[in-house]
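**Student:** Quick one: structure below, then a few questions.
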Amino acid sequence: MANMSMKKNDMPLLAPEIRTKSFEEVALGYSEELARLEAERCLNCKNPPCVTGCPIGIEIPNFIDKIKVGKIDEAYKIISKSSSLPAVCGRVCPQETQCEAKCVRGIKGEAVAIGRLERYVADLHNALDEKKKIQITKNGKKVAVIGSGPSGLTAAGDLQKKGYQVTIFEALHVAGGVLVYGIPEFRLPKAIVEKEIENLKRIGVDIQTNVVIGKTLTIDELFEMGYNAVFIGSGAGLPRFMGIDGENLKQVYSANEFLTRNNLMKAYLPNSSTPILKSKTVAVVGGGNVAMDSARTALRLGAEHVYIVYRRSIEELPARKEEIEHAIEEGVEFKLLTNPVRILGYKNKDDKRDPKNGSVIGIECIKMELGEVDTSGRRSPVPIANSEFVIPVDAVIMAIGTSPNPLISSTTEGLEVNRRGGIIVESETGLTSREGVYAGGDAVTGAATVILAMGAGKTAAKAIDKYLS
Amino acid sequence: MKKYTIINKKTLNSTVTEMVIYAPLVAAKAKAGQFIILRVDSEGERIPLTVAATDKNAGTVKIIFQIVGATTIKLNTLNIGDSLQDFVGPLGKPTNLDGIKRACVIGGGVGSAIAMPIAKALHEKGAIVDTIIGFRNKELVILENEFKNCSDNLKIMTDDGSYGEKGLVTEALKKNIENGAVYDEIFAIGPLIMMKFVVETAKAYNIKTTVSMNPIMIDGTGMCGGCRLMVGGKIKFACVDGPDFNGYEVDFDAAMERNSTYKEFESTARDASCNLFKKGVE
């Protein structure tokens with residue numbers, strides 16, 4: 008008999024007052040009992056709509072069925088047929104707009120907490136640390152994967168399991184891409200990412216760090232080196248700025264820089280050799296997950312006031328609901344329908360050498376109202392005349408998205424990009440305008456989600472396998 | 020051989036060291052004006068350094084660095100046979116040397132190490148190369164022989180007159196031009212303030228001037244945006260759009276401010292490292 012409770016079992020959380028002083032993971036994970044109770048809410052639909060909502064098509068009711076009877080190993084096997092990174096997806100996927108949005112239980116009440124159950128299975132499996140050797144029959148063909156973020160890791164895992172020898176080329180000194188430099192420890196512990204990457208290495212994926220494709224090696228050279236196909240999963244790249252006055256002041260960060268200093272370079276640790284400014288009052292411009300991550304990181308680094316400055320209203324915030332809730336619980340303040348006009352800096356007219364010169368002292372904003380529906384389907388924000396006001400802050404983080412990195416497209420002849428610089432691909436296969444070259448993830452779409460990138464990696468892996476067989 | 024092994028190490032002066040690193044992939048590609056990013060150990064920060072020379076056959080890359088902060092102090096403690104944790108490149112765009120018949124290459128302090136490969140590349144392309152390098156005093160002069168080998172006319176300037184001529188590089192540049200040297204282009208690499216004044220000087224004669232910028236950087240591939248500069252009123256990233264820029268368009272004052280962002284942190288880190296060395300001696 009199914010558990011007919013209308014509500015999801017709550018995720019145990021670290022208390023907000025502890026959270027803001029620590030980079031420990033916020034969501035603690037289900038206990039065995041909570042997991043079983045939640046699993047029993049699943050009706051095991053014959054034609055499960057949740058599966059259609061999953062970009063990588065995990066057989067959701069099947070794995071949940073195994074949790075009901077405590078067969079976690081089997082549940083893990085079912086998930087890993089589709090996903091190379093279950094512990095990551097269970098944490099960072101926007102389930103509320105994907106699998107859980109389609110769940111039948113969500114019609115009257117709340118959907119089954121699919122993401123939390125996925126995480127439960129993956130964590131339990133990883134804790135067992137099985138070192139079982141998986142036997143793979145090699146087919147003698149080589150595939151190069153560029154970038155070790157979600158799309159690259161997924162493509163690499165799928166292809167290696169099919170018998171290809173996969174080499175991942177990573178520009179940074181560690182593998183993981185945005186999972187390592189972008190998403191903070193408190194949302195996705197780095198030990199979990201390492202574990203997932205370890206799992207890939209165990210099946211034979213070779214990871215070469217410190218290789219920048221487009222600089223150290225070109226795509227043409229990869230083919231000369233004997234790779235039979237290439238997958239580009241190089242990520243989004245260049246951070247965007249607004250083009251307003253004061254964006255080059257000292258305490259103005261792109262979210263990428265702020266998060267990279269903190270997450271990749273561990274600037275939050277007391278002995279880190281990479282510095283980060285520990286500001287008391289911080290404005291984060293933008294309303295996506297990256298903005299929430301930046302705001303919550305600034306709080307943990309000791310800020311007393313952190314403002315999210317967003318030009319639309321709370322309904323349009325693109326961040327996941329859970330991230331917004333966590334940010335509010337932790338004390339992040341929302342300045343909605345507000346748009347920056349310029350960033351104000353300190354200038355000592357009498358002393359050009361004053362070290363405070365060029366430091367942020369405030370952000371001037373204008374109030375906005377919502378007007379007509381625009382091309383994004385949302386009501387577009389319009390400035391209200393003469394409503395400018397200043398928020399005194401000592402740092403500003405710009406979290407307004409990224410544009411594609413030109414390093415690969417500018418060094419690969421015949422690789423076509425669109426007006427915005429994204430690589431053009433066939434959506435069913437990920438094939439680019441170059442034979443044998445596939446692409447996916449943010450390098451194609453611009454900044455999007457981990458799971459969409461994984462879906463693209465999966466699609467491309469399938470197409471590469473077809474192309475090379 | 021192990022990746023990133025130190026093949027050679029040479030002290031150029033009391034604060035500047037030259038190292039030759041085994042990194043065949045970088046050596047095969049690097050051109051004058053490009054840079055690498057290295058980490059000394061697994062906890063280390065990423066620092067950018069310009070490629071001073073390469074040996075494709077040996078698979079080695081030469082770097083020259085000034086011992087200024089915690090990381091360069093740590094780097095300088097490594098010896099031949101040790102290896103670096105990470106070494107990635109070549110990054111940035113190579114210096115554009117096309118169509119130059121005569122150029123003036125100006126280096127200031129350790130910036131001379133970045134100017135040198137440009138002078139050498141121009142010389143190898145058959146251009147006439149006038150070189151001006153400036154230092155605080157005689158003790159700090161580096162790469163004199165290397166510059167002699169690739170310059171048609173070399174001037175060494177010191178602030179105190181203890182070697183070469185007393186004065187600033189801009190004075191020597193002015194003199195060269197007044198004496199009839201006609202330059203297609205000037206390349207200036209050194210402290211921001213020096214590059215700013217070379218540009219001022221060159222403007223009076225309307226000579227194209229390229230500067231090499233060295234802002235704070237993390238990834239070096241365009242991802243973090245930390246190295247941004249105002250060039251011609253637009254935001255540019257030194258790592259992917261540069262490091263070379265048209266000197267007339269660079270906002271040097273803003274760049275100087277941004278470069279001082281972590282001054283306090285850097286001096287604390289340097290003091291901490293120095294204390295560790297003192298303890299080591301005790």
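Chains as they are written, first to last, in my numbering: chain A, 8 to 476; chain B, 20 to 301. Here a beta-carbon is modelled for each residue, glycine too, at the ideal position from N, C-alpha and C. Keep in mind it's a predicted model, so treat the numbers as computed, not measured.
1) In whole angstroms, what is the alpha-carbon distance linking residue 138(B) and residue 170(B)?
2) Check the Cβ-Cβ distances between residue 300(B) and every residue of chain A, and say whether any is below 8 Å.
3) Whole angstroms are fine: how far does the CA of residue 273(B) sit from the CA of residue 218(B)?
4) Is it the case that the Cβ atoms of residue 72(A) and residue 51(A) are separated by a distance below 8 Å?
5) Which whole-angstrom value describes the C-beta separation of residue 468(A) and residue 131(A), a residue pair presumed to lie in contact below a C-beta threshold of 8 Å?
6) Would you mind reading off the limits of the beta strand (DSSP E) that contains residue 387(A)?
7) What is the DSSP secondary structure of residue 418(A), counted as helix, strand or coil?
8) Is residue 109(B) helix, strand or coil by DSSP?
9) Among 35(A), 226(A), 405(A), 125(A), whose alpha-carbon lies nearest the alpha-carbon of residue 419(A)?
10) Assign residue 383(A) to buried or exposed, taking buried as 16 or more other Cβ atoms, counted over all protein chains shown, within 10 Å of its Cβ.
11) Can you give me the start and stop residues for the beta strand (DSSP E) that residue 200(A) sits inside?
12) Identify, in the order they occur along the chain, each residue of the same chain with its Cβ nearer than 8 Å to the Cβ of residue 181(A), setting aside the five sequence neighbours on each side.
13) Compare the C-beta of residue 97(B) with all C-beta atoms of chain A and state if any pair is closer than 8 Å.
14) Give the DSSP-derived three-state secondary structure of residue 179(B) in the structure shown.
15) Examine the Cβ distances between the region 444-463 of chain A and the region 64-73 of chain B and report whether three or more of them are shorter than 8 Å.
16) Would you identify the three-state DSSP class for residue 263(B), choosing helix, strand or coil?
17) Which chain A residues are close to residue 106(B), counting only those with a beta carbon under 8 Å from its beta carbon?
18) How is residue 202(B) classed by DSSP in three states: helix, strand or coil?
19) Within 10 angstroms of the Cβ of residue 17(A), are there 16 or more other Cβ atoms? Answer buried if so, exposed if not.
20) From residue 112(B) to residue 52(B), what does the alpha carbon distance come to, in whole angstroms?
21) Among the residues of its own chain, which have a CB less than 8 Å from the CB of residue 306(A), if the five just before and after it don't count?
22) Kindly identify the DSSP beta-bridge partner or partners of residue 312(A).
23) At which residues does the alpha helix (DSSP H) containing residue 167(A) begin and terminate?
24) Can you list the residues of chain A that residue 254(B) reaches, using a CB-CB cut of under 9 Å?
25) Apart from the five residues on each side of it in sequence, which residues of its chain come closer than 6 Å, Cβ to Cβ, to residue 118(A)?
26) Based on the DSSP secondary-structure assignment, which residues constitute the bridge partners of residue 173(B)?
27) Between which residues of its own chain and residue 146(A) is the CB-CB distance below 7 Å, once the five residues before and five after are set aside?
28) Nearest to residue 48(B) by alpha carbon, out of 222(A), 159(A), 425(A)?
29) Using CA coordinates, which residue listed in 22(B), 229(B), 252(B), 198(B) is at the minimum distance from residue 100(B)?
30) Which same chain residues, not among the five before or five after residue 250(B), have their C-beta less than 6 Å away from its C-beta?
31) May I ask you to list, following chain order, the residues of the region 181-197 of chain A that have a beta carbon less than 8 Å from some beta carbon of chain B?
32) Look at the Cβ atom of residue 176(B), then the Cβ atom of residue 162(B), and state whether they are nearer than 8 Å.
33) Does residue 7(A) come out as helix, strand or coil in the three-state DSSP assignment?
34) Does DSSP classify residue 299(B) as helix, strand or coil?
35) For a test of the three-state rule: what should DSSP assign to residue 135(B), helix, strand or coil?
36) Suppose you measure from the CA of residue 1(A) to the CA of residue 176(A); what does that come to, to the nearest Å?
**Tutor:** Taking the coordinates as given:
1) Against the second sequence, residue 138(B) aligns to sequence position 119. Against the second sequence, residue 170(B) aligns to sequence position 151. Going from the Cα of residue 138(B) to the Cα of residue 170(B) covers about 7 Å.
2) Counted from its first residue, the second sequence places residue 300(B) at position 281. At residue 300(B) the pLDDT is 41, less than 50, meaning the model places this residue with poor confidence and gives no usable figure here.
3) Walking along the second sequence from the start, residue 218(B) turns up at place 199. Walking along the second sequence from the start, residue 273(B) turns up at place 254. Their Cα atoms are separated by approximately 16 Å.
4) The residue given as residue 72(A) occupies position 65 in the first sequence. The residue given as residue 51(A) occupies position 44 in the first sequence. Their beta carbons are under 8 Å apart, which means residue 72(A) touches residue 51(A) by this criterion.
5) In the first sequence, the residue the question calls residue 468(A) occupies position 461. In the first sequence, the residue the question calls residue 131(A) occupies position 124. 27 Å between Cβ atoms; not a contact.
6) In the first sequence, counting from the first residue as 1, residue 387(A) sits at position 380. Start and end: 386-390.
7) Translated into positions along the first sequence, residue 418(A) becomes position 411. Correct three-state label for residue 418(A): coil.
8) Within the second sequence, the letter at position 90 stands for residue 109(B). Correct three-state label for residue 109(B): strand.
9) Here the question's residue 419(A) lines up with position 412 in the first sequence. Taking only the C-alpha atoms, the option nearest residue 419(A) is 226(A).
10) For the purposes of this step, residue 383(A) is taken as residue 376 along the first sequence, with counting starting at 1. With fewer than 16 Cβ atoms within 10 Å of its Cβ, residue 383(A) is classed as exposed.
11) Counting from one through the first sequence, the residue named residue 200(A) turns up at place 193. Where residue 200(A) is concerned, there is no enclosing beta strand (DSSP E), although the alpha helix (DSSP H) it sits in stretches over 197-209.
12) Numbered from its first residue, the first sequence carries residue 181(A) at position 174. Only 187, 216, 271 meet the Cβ criterion.
13) The count along the second sequence starts at 1 and reaches residue 97(B) at position 78. No, no contact with chain A.
14) Your numbering for residue 179(B) matches position 160 in the second sequence. In the structure shown, residue 179(B) sits in coil (DSSP, three-state: anything other than H, G, I, E or B).
15) no
16) Against the second sequence, residue 263(B) aligns to sequence position 244. Of the three classes helix, strand and coil, the one that applies to residue 263(B) here is strand, per DSSP.
17) As a first step, residue 106(B) must be located in the second sequence, where it is residue number 87. Those are 217, listed as they occur along chain A.
18) Here residue 202(B) corresponds to residue number 183 of the second sequence, with the count starting at 1. In this structure, residue 202(B) counts as coil in the three-state DSSP scheme.
19) On the first sequence, position 10 is the one that residue 17(A) refers to. Exposed, since its Cβ has fewer than 16 Cβ neighbours within 10 Å.
20) As a position in the second sequence, residue 112(B) is number 93, starting the count at 1. As a position in the second sequence, residue 52(B) is number 33, starting the count at 1. Roughly 7 Å separates the two Cα atoms.
21) The residue you call residue 306(A) lines up with position 299 of the first sequence. Excluding sequence neighbours, residue 306(A) sits near 27, 313, 337, 338, 339.
22) Translated into the one-based positions of the first sequence, residue 312(A) becomes position 305. Paired residues: 288(A).
23) Against the first sequence, residue 167(A) aligns to sequence position 160. Here the alpha helix (DSSP H) through residue 167(A) covers 157-168.
24) As a working note, residue 254(B) is residue 235 in the second sequence. Per Cβ cutoff of 9 Å: 248, 250, 254, 255.
25) Position 111 of the first sequence, counted from the start, is the residue given in the question as residue 118(A). Around residue 118(A): 107, 110, 112.
26) Numbered from 1 along the second sequence, position 154 holds the residue referred to as residue 173(B). Residue 173(B) pairs with 150(B).
27) To locate residue 146(A), count along the first sequence from 1; it is residue 139. Correct list, in chain order: 170, 171.
28) The count along the second sequence starts at 1 and reaches residue 48(B) at position 29. Answer by Cα proximity: 222(A).
29) Residue numbering aside, residue 100(B) sits at position 81 when the second sequence is read from its first letter. Ranking the options by Cα distance to residue 100(B), first place goes to 22(B).
30) Working through the second sequence from its first residue, we reach residue 250(B) at position 231. Taken in chain order, the residues that qualify are 264, 268, 269.
31) 188
32) What you label residue 176(B) is simply residue 157 of the second sequence in a count that begins at 1. What you label residue 162(B) is simply residue 143 of the second sequence in a count that begins at 1. No, these two residues do not count as a Cβ contact at 8 Å.
33) The structure shown has nothing for residue 7(A), since chain A only spans 8 to 476.
34) Along the second sequence, one-based indexing puts residue 299(B) at 280. For residue 299(B), the predicted model reports a pLDDT of 40, less than 50, meaning its position is unreliable; a value from the coordinates is still stated below. If DSSP states are grouped into helix, strand and coil, residue 299(B) belongs with the helices.
35) For the purposes of this step, residue 135(B) is taken as residue 116 along the second sequence, with counting starting at 1. The answer is helix: DSSP assigns residue 135(B) an H, G or I state.
36) This structure cannot speak to residue 1(A), because chain A is shown only from 8 to 476.
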